[in-house]
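Chemist:
There are 2 protein chains.
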Amino acid sequence: MPAFSHPRLGDVALAAALHALADPCRLAIVRRLALGGELSCSAAACHDVPKSTLSNHFKILRAAGLIRTRTAGRDHLSTLRGDEFETRFPGLLATVLAQPEETANAA
Amino acid sequence: MPAFSHPRLGDVALAAALHALADPCRLAIVRRLALGGELSCSAAACHDVPKSTLSNHFKILRAAGLIRTRTAGRDHLSTLRGDEFETRFPGLLATVLAQPEETANAA
DNA sequence: GCAACAGTTCAATAATTCGGAACTATCAAA
DNA sequence: TTTGATAGTTCCGAATTATTGAACTGTTGC
Numbered sequence: 001m002p003a004f005s006h007p008r009l010g011d012v013a014l015a016a017a018l019h020a021l022a023d024p025c026r027l028a029i030v031r032r033l034a035l036g037g038e039l040s041c042s043a044a045a046c047h048d049v050p051k052s053t054l055s056n057h058f059k060i061l062r063a064a065g066l067i068r069t070r071t072a073g074r075d076h077l078s079t080l081r082g083d084e085f086e087t088r089f090p091g092l093l094a095t096v097l098a099q100p101e102e103t104a105n106a107a
Numbered sequence: 001m002p003a004f005s006h007p008r009l010g011d012v013a014l015a016a017a018l019h020a021l022a023d024p025c026r027l028a029i030v031r032r033l034a035l036g037g038e039l040s041c042s043a044a045a046c047h048d049v050p051k052s053t054l055s056n057h058f059k060i061l062r063a064a065g066l067i068r069t070r071t072a073g074r075d076h077l078s079t080l081r082g083d084e085f086e087t088r089f090p091g092l093l094a095t096v097l098a099q100p101e102e103t104a105n106a107a
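Residue numbers (my numbering), protein chains in the order written: chain S, 1 to 107; chain A, 1 to 107.
1) For residue 43 of chain A, which of A/65, A/29, A/9, A/97 has the nearest alpha-carbon?
2) Counting only runs that start and end within the segment 60-89 of chain S, where is the alpha helix (DSSP H) found for 4 or more residues in a row?
3) Evaluate residue 52 of chain S with the Cβ neighbour count: other Cβ atoms within 10 Å of its Cβ, from every protein chain shown; 16 or more gives buried, anything less gives exposed.
4) Can you name, in chain order, every residue of its own chain whose Cβ lies under 7 Å from the Cβ of residue 25 of chain S, other than the five neighbours on each side?
5) Would you list the one or two residues that DSSP bridges to residue 39 of chain S?
6) Determine the direct distance from the alpha carbon of residue 78 of chain S to that of residue 94 of chain A, and round the result to whole angstroms.
7) Using a Cβ cut-off of 7 Å, which residues of the segment 6-25 of chain S contact any Cβ in chain A, in chain order?
8) Out of A/39, A/99, A/101, A/35, state which residue places its alpha-carbon closest to the alpha-carbon of residue 72 of chain A.
9) Work out the CA separation of residue 60 of chain S and residue 36 of chain S for me, nearest whole Å.
10) Counting only beta-carbon separations shorter than 8 Å, does residue 49 of chain S have a partner in chain A?
11) Between the Cα of residue 87 of chain S and those of S/12, S/70, S/63, spot the shortest distance and give me the residue it belongs to.
12) Excluding five sequence neighbours on each side, which residues of the same chain lie with their C-beta closer than 6 Å to the C-beta of residue 5 of chain S?
13) Here's the rule I'm using: 16 or more other beta-carbon atoms within 10 Å means buried, otherwise exposed. How should residue 10 of chain A be labelled?
14) At 8 Å on the CB atoms, spell out the chain A contacts of residue 89 of chain S, in chain order.
15) Report all residues from its chain with a CB closer than 7 Å to the CB of residue 20 of chain A; omit the five preceding and five following residues, and keep chain order.
16) Between residue 33 of chain S and the rest of its own chain, which residues show a CB-CB distance below 6 Å, the 5 nearest in sequence each way excluded?
17) Does DSSP put residue 26 of chain S in a helix, a strand or coil?
18) From residue 14 of chain A to residue 97 of chain S, what distance separates their C-alpha atoms?
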């Protein structure tokens with residue numbers, strides 16, 4: 001794996017960004033990354049998501065310009081592209097992350 | 001058509017809301033509604049989207065709690081559920097609408 | 001009545017997504 | 001180096017979702 005391809009944020013469409021965030025598993029990953037630090041694919045594990053699906057989620061997040069992934073041995077560590085994303089889509093990530101942790105069911 | 005079913009905002013998941021906004025055609029509809037007023041299905045017309053597709057887009061927006069639709073003769077007029085949506089997802093709609101009009105291509 | 005129009009629903013097709021199995025690459029130990 | 005376990009990706013068939021023409025419902029106006 002000779003490094004990953006990361007889009008320039010200018011090439012990311014708003015629809016792609018929203019789509020990437022519109023998935024509970026991907027959003028959970030982004031939330032964790034927003035706390036800081038790097039996250040390996042396996043450490044991300046939303047409940048029982050298979051490896052291949054998880055790998056695909058990371059790919060989508062990468063394509064949306066949300067994360068940057070580097071290879072470290074056999075791990076692929078990802079970090080948020082927070083500042084860049086903020087520049088491209090001002091306020092978007094912060095607003096989404098500010099939403100209640102999900103459990104949408106008020107009476 | 002005995003009126004439409006509109007979810008309580010408390011029953012709308014964040015993922016559903018983001019998904020609804022993650023489509024250029026639907027987002028264009030929401031942008032127009034955000035300017036105020038009601039919009040009929042046919043008046044919404046994004047370029048060359050067929051009626052059935054458009055109808056489905058409205059259905060998705062309705063299910064996401066973004067719009068309310070009422071019947072007026074043979075027209076189905078929709079309005080934004082702006083305040084309710086804002087209460088459920090603080091800042092979300094405003095932030096999305098504040099994003100550049102789309103044409104993501106800087107060098 | 002009839003014809004035109006606004007939208008929805010249905011059904012078939014197209015496009016995405018999911019996930020198991022196979023594969024690649026790294027690390028650790030002997 | 002060889003063996004074995006681990007981290008991730010890729011491949012590809014299955015399940016899900018999206019698209020859209022055609023048929024249908026209800027409305028308006030003649």
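Ideal Cβ placement from N, Cα and C applies to all residues, glycine included.
Modeler: According to the structure shown:
1) Considering only alpha carbons, the answer is A/29.
2) Counting only unbroken stretches of 4 or more residues, the alpha helix (DSSP H) elements lying wholly within the segment 60-89 of chain S are 82-88, in sequence order.
3) Under the 10 Å beta carbon count, residue 52 of chain S is surrounded by fewer than 16 other beta carbons and is classified as exposed.
4) Only 46, 49, 57 meet the Cβ criterion.
5) DSSP, once it has assigned bridges, lists S/78 as partnering residue 39 of chain S.
6) Straight-line Cα distance between these residues: approximately 29 Å.
7) For the segment 6-25 of chain S, residues whose beta-carbon sits nearer than 7 Å to a beta-carbon of chain A comprise 10, 11, 12, 13, 14, 15, 18, 19, 21, 22, 23, 24.
8) Considering only alpha carbons, the answer is A/39.
9) CA-to-CA, the gap between residue 36 of chain S and residue 60 of chain S works out to about 20 Å.
10) Taking a beta-carbon distance threshold of 8 Å, residue 49 of chain S does not count as an interface residue toward chain A.
11) Between residue 87 of chain S and the set S/12, S/70, S/63, the nearest pair of CA atoms involves S/12.
12) Cβ contact annotation for residue 5 of chain S (same chain, cutoff 6 Å, sequence separation greater than five): none.
13) Taking all protein chains in view, the Cβ of residue 10 of chain A is surrounded by fewer than 16 other Cβ atoms within 10 Å, so the residue is classified as exposed.
14) Those are 99, listed as they occur along chain A.
15) These residues qualify, in order along the chain: 26, 60, 61, 64, 66.
16) Take residue 33 of chain S, set aside five residues on each side of it, and the residues of its chain with a beta-carbon closer than 6 Å to its own are 39, 80, in chain order.
17) In the three-state scheme derived from DSSP, where H, G and I count as helix and E and B as strand, residue 26 of chain S is classed as helix.
18) The alpha-carbon atoms of residue 14 of chain A and residue 97 of chain S are separated by roughly 10 Å.
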